[in-house]
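See structure below.
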Amino acid sequence: MSLRSRSKSRERTRSRAPSPDPFDMALLPPKNETKEDKAAREAQEERARQISRAIDNELKAEKAALKKEGTPIKILILGQSYSGKSTTLKNIQMQYGRDQWEQERSTWKIVILLNLLRGANTILDALAAPTIKHAAALSVETNTKFEAYQSRLSSLKALQSVLEKKLGAAAREVGENDPGLTPSEVAKRSPDLQGPQEFSVPSNMGWKRVLNLKRRKSKSNFSELPPMIPLETFQAIAQHADDITLMWQDLDVQALIQSGDIILEDSSSHFIQNIKRVTADDFDPNDEDVLRARLRTTGIQEYRFKGIGRKSDPDWAFYDFNGSRSSRSAWFSYFDDAKAVLFLASLDCYDETDSDGVNRLQDSLLLWRALCSNKLLAKVQSLILLLNKCDLLEQKLQRSNAPQVSDYFKNYKKTNDAKSVQTFFRTYFQQIHSQYSPEPREFICHYISAINTQSTALTLRAVKDVILMQYLESANLIQ
Numbered sequence: 000m001s002l003r004s005r006s007k008s009r010e011r012t013r014s015r016a017p018s019p020d021p022f023d024m025a026l027l028p029p030k031n032e033t034k035e036d037k038a039a040r041e042a043q044e045e046r047a048r049q050i051s052r053a054i055d056n057e058l059k060a061e062k063a064a065l066k067k068e069g070t071p072i073k074i075l076i077l078g079q080s081y082s083g084k085s086t087t088l089k090n091i092q093m094q095y096g097r098d099q100w101e102q103e104r105s106t107w108k109i110v111i112l113l114n115l116l117r118g119a120n121t122i123l124d125a126l127a128a129p130t131i132k133h134a135a136a137l138s139v140e141t142n143t144k145f146e147a148y149q150s151r152l153s154s155l156k157a158l159q160s161v162l163e164k165k166l167g168a169a170a171r172e173v174g175e176n177d178p179g180l181t182p183s184e185v186a187k188r189s190p191d192l193q194g195p196q197e198f199s200v201p202s203n204m205g206w207k208r209v210l211n212l213k214r215r216k217s218k219s220n221f222s223e224l225p226p227m228i229p230l231e232t233f234q235a236i237a238q239h240a241d242d243i244t245l246m247w248q249d250l251d252v253q254a255l256i257q258s259g260d261i262i263l264e265d266s267s268s269h270f271i272q273n274i275k276r277v278t279a280d281d282f283d284p285n286d287e288d289v290l291r292a293r294l295r296t297t298g299i300q301e302y303r304f305k306g307i308g309r310k311s312d313p314d315w316a317f318y319d320f321n322g323s324r325s326s327r328s329a330w331f332s333y334f335d336d337a338k339a340v341l342f343l344a345s346l347d348c349y350d351e352t353d354s355d356g357v358n359r360l361q362d363s364l365l366l367w368r369a370l371c372s373n374k375l376l377a378k379v380q381s382l383i384l385l386l387n388k389c390d391l392l393e394q395k396l397q398r399s400n401a402p403q404v405s406d407y408f409k410n411y412k413k414t415n416d417a418k419s420v421q422t423f424f425r426t427y428f429q430q431i432h433s434q435y436s437p438e439p440r441e442f443i444c445h446y447i448s449a450i451n452t453q454s455t456a457l458t459l460r461a462v463k464d465v466i467l468m469q470y471l472e473s474a475n476l477i478q
């Protein structure tokens, strides 16, 4: 290349304008923005910065406090999805972190309304003729009635979307960059369970932080921020309460629920039955409401409690893990210094399968075997089994068309009564514990119904005493 050609090439290179950064372009204000729009945008950005600074300050304060407190007793709460881990953790919070529990209780109102809407929309989706197994057997009159429900309640999906966006925005303000989370995990259902797509938020409690900041009064004027639930959304849900009740009480709808054509979450059924109360202007969630409210989380939740029981007792740290099969690999990094494991297994799912066709209770048994045989947990004496949802198991077995346990577990030879079924599975888990534990350890098992606060509280006290005793023995503080 000649000297003149190289010179022209350099001139073209210097004169070529750099490509605009797409990120910078996205942050530019809208074209033709008016003064009023600019003022509103800047005010919104300032509010977001205030919330971000407040959350950063809280996180720094918590980190400093945890550093001073030293190493707590580390307890892992494990089990597959829908086994009741979060409900059990709520019971622990209610018993041993009562002040924080009461402060956060009102933030669950938005989740309760979301559960209600999810349940109503699940029914409406199932009433569409193509999704009902026995649609051909329904009369023209019944189908016409179902179409009327769908018409009158057609706006419920939009209302559900409003609440999901509200919760999603709250979570993203502090949770979108959680370590260990992939973008596909956020706001997606577990791939291990059949059913409608389930809304979820990251598990660092960001949504509760933000919603608490938005409702409480402070010197930073956070009380002026928008309420947790837009007023027009709440009023619209309340206006549909009578139609939702009419649909719920419809005998044909109930027949489809009983036959399994419509499958609802337990929380949705509870809140639909109590729709007048939860849509009242003065509704304030009670303990049972919060226990039943379901919000799927991704990632790992950590809760710390100071001196459960006596002031001289050490602090406790509970870790609640996502139970979906794709998330279980994240458990192992927490095993090395764990002092106890609470393993939740739901007994009412003996006839249910996940999207891979794996029986859910069989999956729990395999997961239990993996934990019992894990070398990182070999020294953990407090490997405690909680057989959950005994109340739902009994309800299922009492139905005239109840699935036979022997159809799913061929070595079960007794009748379909709750006591025999519970004993069978307890023995099954115990045999795995005895066969696969690397070192001998006591088999500790409790039957629970996590939504029964009184019986669960007694169980948790017994569990706490066992864990504390074994912790003190391992630390050579008692003989």
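Residue numbers for the sequence shown follow numbering that gives the first Met the number 0, beginning at 0 and rising by one.
Every residue, glycine too, gets a C-beta built ideally from N, C-alpha and C.
With fewer than 16 other Cβ atoms inside 10 Å of its own Cβ, Ser160 counts as exposed. Taking 8 Å as the cut-off, the beta carbon of Val277 is found closer than this to the beta carbon of Leu112. Judged by DSSP in its simplified three-state form, Thr422 adopts helix. Note on geometry: alpha-carbon atoms of Phe423 and Gln397 lie some 18 Å from one another. With a contact defined as Cβ atoms closer than 8 Å, Gln421 and Phe442 miss out at about 15 Å.
Thr87 is classed as buried because its beta carbon has at least 16 other beta carbons within 10 Å across all chains shown. By DSSP's assignment, Ile72 forms a beta bridge with Trp315. Collapsing the DSSP output to three states places His432 in a helix.
The residues Leu152, Leu155, in chain order, have a CB closer than 7 Å to that of His239 in the same chain once the five nearest residues on each side in sequence are set aside.
About 6 Å separates the beta carbons of Ala344 and Gly78, which is inside the 8 Å limit, making them a contact pair. Cβ contact annotation for Asn451 (same chain, cutoff 8 Å, sequence separation greater than five): Asp390, in chain order. Leu290 has its alpha-carbon roughly 6 Å from the corresponding atom of Lys89.
Here the stretch 370-379 does not lie against the stretch 344-362, with fewer than 3 beta-carbon pairs under 8 Å apart. Between Ala237 and Met93, the alpha-carbon positions lie close to 29 Å from each other.
From the listed residues Thr297, Ile76, Gln253, the smallest Cα separation to Thr141 is found for Gln253.
Looking only at Phe270, Lys144, His269, the smallest Cα-Cα distance to Leu250 is reached by Lys144. By the C-beta criterion, the stretch 395-409 is judged to be in contact with the stretch 337-351, since at least 3 inter-stretch pairs fall below 8 Å. Residue pairing by DSSP puts Cys444 in a beta bridge opposite Leu384.
The shortest C-alpha to C-alpha distance from Gln361 to any of Arg327, Lys409, Glu45 is the one to Lys409. Judged by DSSP secondary structure, Leu113 falls outside any beta strand (DSSP E) and instead within the alpha helix (DSSP H) spanning 108-126. If you draw a straight line from the Cα of Leu245 to the Cα of Cys444, it comes to about 43 Å. The shortest CA-to-CA distance from Ser258 to any of Arg52, Ala401, Asp416, Lys418 is the one to Ala401.
Beyond the five residues adjoining it in sequence on each side, Ser436 comes within less than 6 Å, by CB distance, of Cys371 in the same chain, given in chain order. Around the beta-carbon of Asp319, 16 or more other beta-carbon atoms lie within 10 Å, marking it buried. In the structure shown, Arg276 adopts helical secondary structure according to DSSP, grouped into three states. Scanning Leu366, Gln99, Gly298 for the CA closest to the CA of Ile431 turns up Leu366. Within the same chain, Cβ atoms closer than 6 Å to the Cβ of Leu255 are found at Ile261, the five residues on either side in sequence being excluded. When the Cα atoms are used, Ala38 and Asp124 turn out to be separated by approximately 43 Å.
Rounded to the nearest whole angstrom, the C-alpha separation of Ser323 and Leu27 is 40 Å.
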